[in-house]
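Residue numbers (our numbering), protein chains in the order written: chain X, 1 to 978; chain V, 979 to 1427; chain Y, 1428 to 1639; chain U, 1640 to 1844. Cβ atoms here follow ideal geometry from the backbone N, Cα and C, with glycine treated the same way. The structure presented is a predicted model; accordingly, all values stated were derived computationally and were not measured. To start, the structure under review is shown below, and the notes come after it.
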Amino acid sequence: MADQLLQIRRRRSQEDELTRRRFLELVSASAALASGCSPDRPEKILPYTENPRDVTPGVSTYYATSLLIDGFATGLVATTREGRPVKIEGNPAHPASLGATNVWHQASVLELYDPDRGRAVSKRGLPATWDALDAFLARPVTGQGEKLRLLLEPTSSPLVHALVSAVKQRFPASKVTFYAPTPGQVPGAAARALFGATLAPRWDLSHADVVVALDADFLATPHDLRPARDFATRRRVRASDGAMNRLYVVEPSVSVTGSLADVRLARPARRVQLLAAALLAALDKRPDASNGALTRLAGALDDDERRFVAALVKDLASRAPGATLVLAGERQPAEVHVLAYALNVALGNLGATLSFSEQAVPETAGDQDLPALAREMHAGAVDALLVLGGNPAYDAPADLGWTRALQAVPVSLFAGLYANETARAATWYAPLAHPFETWGDGRAQDGTWSLVQPLIRSLHGARSVTELLAIVAGAPRTGDYARLRSAFGAPRGEVRRLDESGAERLEHTDPAVESAWERLLARGFDESTAFPRQVPEPRPAAVTDALTRLAARDAGSGLELDFLRSPTVHDGRFANLSWLLELPAPIVKLCWDNAFFMSPATAARLGIPAVERSEPHPVVEVSHESRSVRGPVVVLDGHADDTVSVWLGYGRDGDERLAKGVGFDAYRLRTNDAPSFASGASVKLRPERYPLAFTQLEERQHERALALTTTLAAYRAHPDFTAEHKRPLPSILPEYRFEGPAWAMSIDLTICSGCSACVVACQAENNVLVVGKEQVRNGRVMHWLRVDSYRVGSAKSARFVHQPMMCQHCGDAPCEYVCPVNATVHSPDGLNEMVYNRCVGTRFCSNNCPYKVRRFNWFDWSVHERANQGSVELQRNPEVSVRERGVMEKCTYCVQRIRAAEIRARIERREIRAGEVTSACAQACPTQAIRFGSLTHGATAMVEWRAEPRSYYALHETGARPRTMYLARVDNPNPELT
Amino acid sequence: MIETPVLVGAPSDAELTLALTRSVWQPPRKAWLALLGLSGLFALGLFALIAYTFSEGVGLWGNNIPVAWAFAIINFVWWIGIGHAGTFISAVLLLLEQSWRTSINRFAEAMTLFAVVQAGIFPLIHLGRPWFAYWLVPYPATMELWPNFKSALPWDAAAVSTYFTVSLLFWYLGLIPDLAVVRDAAPGIWRRRIYGVFALGWRGSARHLRHYRIAYGMLAGLATPLVLSVHSVVSSDFAITILPGWHSTLFPPYFVAGAIFSGFAMVTTLMVPIRRLFGLEHVITTRHLDNVAKFTLLTGLIVDFSYLCEFYIAWYSGEAPEYYTFFHAFITGPNAGIFWTAMVCNVLVPQLYWFSAVRRHPIATLCVAILVNVGMWSERFFLIVISLEREYSVSAWRAYSPTWVDWGIFAGTLGFFLFLFLLFIKYVPFVPVSEVKELARELAEEGHA
Amino acid sequence: MAGLFPPWSDPLLRGALLAIAGGSIIALAVLMLYVRTPYNDQRAYAVEQPVQFDHRHHVRDDGIDCRYCHTTVDRSATAGIPATELCMGCHAQIWNQSEKLAPVRASFFENAPIRWNRVHDLPDFVYFNHSVHVHAGVECAQCHGDVASMPLVAKVQSFSMGFCLDCHRNPEARVPNYHLRTRRVTSTDDLLARAGARVEDNPLLTCSACHR
Amino acid sequence: MLEPAKRHARELARPVFYAEFASDTAAVDAARRLVERGHGVLDAFTPRPVAALEELVAPERSTLNRSVFVGGLIGACTGLGIEWACNAWDYPLNVGGRPPFALPAYIPITFEAMVLFASLTAFFGFLHRAGLPWLAHPAFEVPGFERASNDRFFLLVERAGANDEELQALLVELGALSVSGTPARETPRRDPDAVAVTPNTEPAE
């Protein structure tokens, strides 16, 4: 009853707040009108009382920090203005980032300012104090902690693991569990079986000429930046005779990696093990010791698969050892990984493109797994459960009955960013501090120790996981910084002693350690801590053992149900971020909802009508093992038959206002024994229809010169196939003489994977507002940059080419001469300037733009859409104006960065250096497919790419002379399979 | 075949004066009052919806990206198109000395004025920030910024305001003698004073008539090219772009013909009921119906020929976007039904006017006229909206559908037009008295001679 | 019938028509003139401040340079208003009992900022950068007037777009030896030398120089 | 400025007779005979234009069309001048790679300005030449003058002042239904001794 009260009080306060604010607006507006043009109240200036050391008003300060997703740390550089973080960039030196970021890193700054974050401690729904919680945490249970259980998210943070062991010392009998719905790393059991030690695979895609991805979406995982960059360096075909790698993909749904595949086989996930076995049978010459299991598995292929395997084997065999790589996805069972490792061994990749190292996120850290914990909770063997982070009540497997189990625990604490579903079931709720508000550390996938540095004091006085653990462990309350500092200093011979008041006093025996610490803080990570690469000795017996287990297990039949991590809201933890909810998902271009995906053949078989994307979609009820979920269906060409895939992370029911009621919760279908894919699902068509919001309604290009594609062979045959798309066009207009920098952009479609990190980066940099699902359906989305995914090839072999489309800053811009008030004109350095305060909103420019990249403020989005209000306004970039209602806006090539560089150059009396200015999208792109710079900087990649024969202008025939140049997409299909 | 005379019977001057100005001071008829009330209601609805759009934003309409222009610009082009027939009748036919124009030129000219008033509303309310509309005017601002005269929108602003001014002057100049007639013939001292002020003291002096005839002729001479230029400028809103379906050089003549075509249809739509309501069959005879119908047919055929040209050019250009817009988007795309409505109403229905029986039958001409105007509205719809829906950039393709605010504002302008027209019909002699007398005198002389 | 209109009706009608036509034009002209007067853009309108800070005393009498308080004028877009600790640097010792400086002391000890009233307030869509102007050789007085002799700071210039364009169109005229100070080894060097009215000749005139 | 132009004062100054006729043919014959007799027919007030009377009363051509041409010329130059000043002289911007002075794009507004100025010149030129608006013109005080816009035709005959009775009789003889004269209006006040002839009854036919 109490929490309903809290709910009502919180909801009523929000409603009052809205009506009050609306009323105040009207009063102030009418007062201003009434007072005519008397000088309105002067604006106030509030200077500091003391100047903070490193804050210069008006100048950005940059801090190196890192962010842990799925436990792995990625080094970031955060831009802060007057003490508040506004933009996240990658740390160019950090091995896991190399300067790039993905959608979740860019959106993390919005999560910091999310108005729905938990603000106060509460006990059974009623407000409580931190001191009361501290008292509980200091003594959660009596005795050795037999009845104390801890549940944390898997993490690579040495500090967290140290504190967990401290808790275990104080309560030896307590047990710790690490759980995440989508682990995000390959199961260690495979390496344990094959090599005897729990090791993590280390891929070197930059030397792999053939990459085989068995249900492995390695280009779009939260730590995809390094693999994407390596894959792209090998993928880019430099001159027409250059080499290029070839990607084979086997996958159930249509993934980002699948869209870049040269040879793609859409198959249910359960058949991947058959293909792996067949490959092993063909490639491993040693006698089959698995008494027929291998032949039985390999024999179960249909003829398409047999042709695929035959061609793949021939291709792999023809390559030098160590120049190929076979990857199995984290969704596949451990045995398939054993087969994959075996294949790599057979191909001689061990030690070249595949090596191993210690696991950054140790799987074996936990004492028991979640089902065991759930059993104990049901049995009442748990008196106190501390859940720090995550959201098990929402994303625990459905068959564990987690919420009932939690109610069986007398006292439980949930600490999390949001008061989500788990908070409602737990006794205590404590707001967690955002990573940008805490000190902490973590390890990248290769083990590099990376620091998490706070950019701002905690907005709501929340605390970090390490502080809570320290209280439970009875450690001294010195704060995370001191712990980190002492963890850094101890191995270097520093002695730490507590002074009388319990605060730790450092005794610096060595000033060098202090300066080393300062350098570490400045860089954000320490390269020397990377795990050494190991080349362990495989044990053949494990392979036969895996084969027999696979053959014995019933592969399951009927409709397969695939649970995929959502490419935008991850596993549900980012479901309240408006940028990610409105981000058009790669390939599908669906926002604000998830859906069941299936192939046209499966849809026809199940009697589901095909509909246009703009029309309301049919709804189905998918049931599996007595559980059923309703949701809309989207038919995808290129999706595997007899398979229904669905994104996890939607249908949230916590206190997060934006996430509530968006999409449906697919976790309810997920059981513990089949977390990635389950067979035997049944689908029943429902009568009702459900409207979905797509930003791109048409997939084909209809012979327009937008995204040009070719094959490597054709490209080598006649390289200048794009000549007519860049030939000089006759024009009666005089040539405009530009001097000084000439800003331009080059985009290589071959290595654009469509991951849309650029879209979120642009949104963060330029204060692009969110419009809500209804307005996205009305065609009023505001992203300045959209990634168009066009379907290429026949329905059977559907492949997608992604084209980031933003303002092309045309030389003879069709939008400029139609504007009646000169609100959009051309600058001497080649920019198509959009002057927001001069625009009256006739929208003629948008009509005349052939690329349709102009966005219009149909309403005042900051008032009209709830997601733009509240503390998210703290994230606004002060260098860019927030546009008013009735004004056109578009990509400006990040003109605020260009002008800032120009001002710096003018002050330092020099020219703008090459590479000094980069746009937000070019900076974020994991594969560096977007390059920005000036045509006068000859040595940059941006200019060199334009000289390549496959470069062309999009829609060249319109004669607009765009400045953005694309490089046609080159595929490298296997000649036998085309 | 006996030619139905332009004027039936040989009424004397006094009879004509009384017949043609009686309606001004007679107490309003119930039908007129009812219609006025209804159209007044619609007009209020229009202003309410405009205020609602100004307070919330243009998002209330159905516009989106890529279809950034929809109902507002369709209605603007449709209304300004309707206006052109009025000027055409009163100016061009004056220069061609077509005697039959006399009895219908004033109310046609009034139709122009009120249509231009409706058309003028739309460019202002469809702006994103209408409170800065004055930036389209080259005034010396502290910002020292000027409008961009290479764009078609300042041309529109100049063309529409010039057209309204010239039409107003031309209409008022022709009206002065008749206001003098009412000033002298009407009962009620205050009514006569009001008309007297507007008649500017006109006393039919021969000295004035010499200047008057030249002024009237000069205005007619200027209005004729103005008609052609205004709708060419309006068509240049689309012709100067690079959109497939818009950027063809045929647009100016095509739009002018379309304008006069829908204008004549609106003249018929208004002429037939007025004739019946005010019992003026002997002044606005079936000969007028016949001639207006002939002109409607002529301009209709020009429009049909333009369709043919457009489709031929699209096919001949061989460009994928052009070909797709004409042969897929228009014919089978979303909203294609409106394209077929336009084809039926603009191509098939006017062919009925080949038969004189249809041309002379008031109800038949009225029906054809209304269908023609529906057709011309649909033509503007498919030209503007469907061309924008299926344009170069395939990923931005999106269908358009109007919202209730769109329909409300369009119906509001229809009501407001009718409201103004009814006021004109009642309080201004809508048939030029002196010209009809002159015509009656000429016919009488022909008859005797 | 006796004349419908009394003799004075003609002058009345002509007067009325004249009034309407002439009046509207005059009204517009008055509006355009009013916009340029100090009443509209608050020029020569001293703004009350919470603390009676007197520039004459500090700058003219004590000779304190502008940049002592406005510290970030040469490295940031904003010139910067001094933190309370800077005032207390001196006023902890001298005038530390004065009633006039009570708000300063209160602000320092309660760690609450002094709420100054902004005098030179450009619209939010204008991104003026102090540092590039200062480095180009523009004097503070050229835009802010002779602050040294102002008891209370007031706007001297209109700060309208026209005011900025006058200088941007011909920087040489406003800033002595502008090109020597901004002599650069860059390709746009000669451009600035002959900065004309055409945008492609004068990058200072392009819109995104100030509007982003 | 507020009073009708001075050059109409000459018209007010002359003593005149207003002769009312029933039909245009009667008025035309009367006017011709009067001119033959050497009497000055200054003006004619008719409900509809009568070409013959116009030839008699005001033979000289009107100069209005010339002034309209000049007005049009001024309009065209003003239009083009504004466009050039705004886009090519004061703040020349690079708009779509088009030259600041783009003559083809400036033609429409130049044409519209020409038509606007020409029309305004025509309309106000006519009002100026006709001396309108002139509400309190002495003609309106002539009894029965309101029928001038209905079905009666008036002639304005100049009185030499000496043989008024003889002229008046001649007019009646020529078919004038009523003759009323107003002495020269030196001063704006009404002249008490205006000679009023009782109008006779309805016309003969």
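*The alpha helix (DSSP H) with residue 679 of chain X in it runs from where to where?*
Unbroken run through residue 679 of chain X is the beta strand (DSSP E), 677-690; no alpha helix (DSSP H).
*Could you work out which residue in X:337, X:677, X:242 is closest to residue 212 of chain X when comparing CA atoms only?*
X:337
*asked:* Taking 8 angstroms as the cut-off, does the stretch 1144-1158 of chain V touch the stretch 1187-1203 of chain V (at least 3 CB pairs, one atom from each stretch)?
replied: yes
_Can you find the residues in the same chain that come closer than 7 angstroms, C-beta to C-beta, to residue 748 of chain X, ignoring five residues on each side of it along the sequence?_
236, 929, 945, 967
*Is the beta carbon of residue 1776 of chain U less than 8 angstroms from the beta carbon of residue 1035 of chain V?*
no
*Assign residue 591 of chain X to one of three DSSP states: helix, strand, or coil.*
strand
*Distance, Cα to Cα, residue 1108 of chain V vs residue 1032 of chain V?*
8 angstroms
*Please go through the stretch 738-822 of chain X and give each complete alpha helix (DSSP H) segment of 4 or more residues, from N-terminal end onward.*
757-765, 773-777
*Can you tell which of X:631, X:699, X:222, X:850 has the C-alpha that lies nearest to the C-alpha of residue 1220 of chain V?*
X:850
_9 angstroms Cβ cut-off: residues of chain Y touching residue 1775 of chain U_ = 1430, 1431, 1432, 1433, 1434, 1435, 1436, 1437
*asked:* Just to confirm the assignment, what range does the beta strand (DSSP E) spanning residue 150 of chain X have?
replied: 148-152
*Residues sharing a beta bridge with residue 356 of chain X, DSSP*: X:201, X:534
*Residues in its own chain within less than 7 angstroms of residue 1092 of chain V by CB, not counting five upstream and five downstream?*
1395, 1398, 1399
*asked:* Based on DSSP bridge pairs, tell me the residues matched to residue 562 of chain X.
replied: X:645, X:677
*Please determine if the stretch 987-997 of chain V and the stretch 781-799 of chain X are in contact, where contact requires at least 3 C-beta pairs separated by less than 8 angstroms.*
no
*Under 7 angstroms between beta-carbons, which chain X residues line up against residue 1599 of chain Y? List them in chain order, please.*
Result: empty, since nearest Cβ-Cβ is about 16 angstroms, beyond 7 angstroms.
*asked:* Assuming the contact rule is C-beta atoms closer than 8 angstroms, residue 922 of chain X and residue 100 of chain X should be a hit. Round their C-beta distance to whole Å, please.
replied: Between residue 100 of chain X and residue 922 of chain X the Cβ distance is about 10 angstroms, and since that is not below 8 angstroms, they are no contact.
*asked:* Beta carbons nearer than 9 angstroms to chain X: which residues of the stretch 1229-1242 of chain V have them?
replied: none
*Integer Cβ distance of residue 1389 of chain V from residue 994 of chain V, believed to fall under 8 angstroms*: That belief does not hold up - the Cβ atoms of residue 1389 of chain V and residue 994 of chain V are roughly 38 angstroms apart, past 8 angstroms.
*asked:* Quick check on this structure: which residue in U:1678, U:1677, U:1689 has the alpha carbon closest to the alpha carbon of residue 1663 of chain U?
replied: U:1689
_Status (buried if at least 16 other CB within 10 Å, exposed otherwise) for residue 286 of chain X_ = exposed
_Candidates V:1277, V:1238, V:1214, of which the one nearest residue 1227 of chain V by Cα_ = V:1214
_Any chain U beta carbon closer than 8 angstroms to residue 1067 of chain V_ = no
*How about residue 164 of chain X and residue 176 of chain X: do their beta carbons lie closer than 8 angstroms?*
yes
_Span separating the alpha-carbon of residue 340 of chain X from that of residue 276 of chain X_ = 7 angstroms
*Rounded C-beta distance between residue 911 of chain X and residue 855 of chain X? I'm assuming under 8 angstroms.*
The pair is not a contact, with the Cβ atoms about 33 angstroms apart (cut-off 8 angstroms).
_Cα-Cα separation, residue 1007 of chain V to residue 1403 of chain V_ = 12 angstroms
*asked:* Suppose the cutoff is 7 angstroms on Cβ atoms and the five residues either side in sequence are ignored; what does the same chain contact list for residue 1549 of chain Y look like?
replied: 1555, 1586
*Could you confirm whether any beta carbon from chain Y is found closer than 8 angstroms to the beta carbon of residue 1738 of chain U?*
no
*asked:* Is the separation between the beta-carbon of residue 617 of chain X and that of residue 595 of chain X shorter than 8 angstroms?
replied: yes
*Following the continuous alpha helix (DSSP H) through residue 306 of chain X, name the residue where it begins and the one where it ends.*
303-318
*With a cut-off of 8 angstroms, does the C-beta of residue 868 of chain X fall near any C-beta of chain V?*
no
*Is any heavy atom in the ligand NAD found nearer than 7 angstroms to the beta carbon of residue 219 of chain X?*
Of ligands this structure carries none, so the ligand NAD is not represented either.
*Express the C-alpha separation of residue 1185 of chain V and residue 1768 of chain U in angstroms, rounding to a whole number.*
9 angstroms
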